[in-house]
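For the sequence shown, this note's numbering puts the final residue at 326, and the numbers step up evenly by one.
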Amino acid sequence: MTRDALRFVCETHQELPTEPSPARRTLVLFAHFDPQGVLDPYVAYYLKALHGLGASIVFVSGSPNLTPESVAPIRSLCAGIYTRRTLSFDFGSWHLAWCILRQHGWSLDQFDRFVLANDSVFGPLFPIEEMWSSFRGADMYGAIESAELGLHLQSFFLAWELNSRTRPFLNDFWDGFQYIVDKDALIRRYEIGLSKRARRAGLTIKPFVALDAIKEAYGRSPAHQWAGRFSGPPVNNTLYFWDGLIEHLRFPFLKTILPRYNEPWHDSMARLQDFIEQHTAYPYELIQSNVDRLGCGAPSWVKPSGTP
Numbered sequence: 019m020t021r022d023a024l025r026f027v028c029e030t031h032q033e034l035p036t037e038p039s040p041a042r043r044t045l046v047l048f049a050h051f052d053p054q055g056v057l058d059p060y061v062a063y064y065l066k067a068l069h070g071l072g073a074s075i076v077f078v079s080g081s082p083n084l085t086p087e088s089v090a091p092i093r094s095l096c097a098g099i100y101t102r103r104t105l106s107f108d109f110g111s112w113h114l115a116w117c118i119l120r121q122h123g124w125s126l127d128q129f130d131r132f133v134l135a136n137d138s139v140f141g142p143l144f145p146i147e148e149m150w151s152s153f154r155g156a157d158m159y160g161a162i163e164s165a166e167l168g169l170h171l172q173s174f175f176l177a178w179e180l181n182s183r184t185r186p187f188l189n190d191f192w193d194g195f196q197y198i199v200d201k202d203a204l205i206r207r208y209e210i211g212l213s214k215r216a217r218r219a220g221l222t223i224k225p226f227v228a229l230d231a232i233k234e235a236y237g238r239s240p241a242h243q244w245a246g247r248f249s250g251p252p253v254n255n256t257l258y259f260w261d262g263l264i265e266h267l268r269f270p271f272l273k274t275i276l277p278r279y280n281e282p283w284h285d286s287m288a289r290l291q292d293f294i295e296q297h298t299a300y301p302y303e304l305i306q307s308n309v310d311r312l313g314c315g316a317p318s319w320v321k322p323s324g325t326p
């Protein structure tokens, strides 16, 4: 499987060293994709925060046309930088990163923590150390818990304490990974399935933002534009309750899809800049420049059904 995966490497912008830095005890696999083949400044900002945690970062982009000039801002932040043919979305990039590090003789035995992250979020909106320091007393952690399609940790940020339980679990998971083209099947098998598999293996799981905390925060937002949906079937709170997560729970991420696209849940995006500047210290220009380049045009926010 490792040899097959390595066929998807298009270009090596920065080769992994033969050994990781002994001072960097966290291993991060970072998945990137940009439809225009650009490494956006918000991605470099995020990588800088991860690097500040003492991480060795293996960066894999599903945009094969990234140029050497475009990756220059992240060379000092990443141990390895690669591009690949687009296949199996973020999990495909993470698996390729896994195969590359194994090829170079790296192993989980050289690290204390293991992280999966991607560029589907703006952040960290708050110091990432707040979330990072909360990751104690469990085997597997995530930025947020979701019940949509089944209880799971959303995969845009996952972390593991590396111990006698998690190292074999992760080795088995990645060594048995199979590429899946269909996005829905990929989500069910790997994003949702990864949490299920961890529970079956006896791993303890702890989210930074748990469902119980989200439900409690609903009560502090009775006039929210989507309040009527919160008592129904589970929703993706990073889309429908993004503002409550940030305001009430100091959730450090905003999904990039929100400001980029004019979808029915986006009426609240009309006040995004004021909200971000009021509640966080995140440089809003990182969001604006990305939306200017990749957004779908002038705002045409659609109000939820039943609102005036």
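Ideal placement from N, C-alpha and C gives every residue a C-beta, glycine not left out. Since the structure is predicted, the reported quantities are computational estimates derived from the model, not experimental observations.
Beta-ladder partner(s) of residue i, from DSSP
i, result
"T256", "T256 is not bridged to any residue."
"I264", "DSSP lists no partner for I264."
"Q32", "I99"
"H170", "S164"
"F140", "L272"
"I223", "M158"
Start and end residues, alpha helix (DSSP H) containing residue i
i, result
"E147", "I146 to S152"
"F293", "L290 to H297"
"L68", "P59 to H69"
"A382", "No answer is possible for residue 382: the residues shown for the chain start at 19 and end at 326."
"F330", "Outside the shown range of the chain, which is 19 to 326, sits residue 330, and nothing can be said about it."
"W192", "T184 to D193"
Residue i (DSSP reduced to helix, strand or coil)
i, result
"H160", "It is Gly, not His, that sits at residue 160 in the sequence shown. Strand, per DSSP."
"A316", "Any answer about A316 is weak, because its pLDDT of 47 lies below 50 and its placement is not dependable; what the coordinates show is given next. A316: coil per DSSP, three-state reduction."
"L212", "helix"
"S111", "helix"
"S39", "coil"
"S74", "strand"
"F135", "Correcting the residue type first, residue 135 is Ala in the shown sequence and not Phe. Strand."
"E303", "helix"
"P277", "helix"
"A241", "coil"
Extent of the continuous beta strand (DSSP E) to which residue i belongs
i, result
"T44", "T44 to H50"
"A177", "F175 to E179"
Residue nearest to residue i in terms of C-alpha spacing, selected from the options
i, options, result
"F174", "F271, Q296, G123 and L34", "F271"
"W178", "L34, A245 and T222", "T222"
"T30", "L229, P82 and I305", "P82"
"S74", "P40, Y64 and T85", "P40"
"L65", "A165, I162 and G98", "G98"
"F226", "Q306, E148, P251 and A90", "E148"
"L134", "F77, P91, A165 and A241", "F77"
Test: residue i CB closer than 8 Å to a CB of chain D
i, result
"L304", "Here chain D cannot be found, since the structure has a single protein chain."
At what residue ranges does the stretch 80-105 contain a whole run of the beta strand (DSSP E), taking only runs of 3 or more?
98-102
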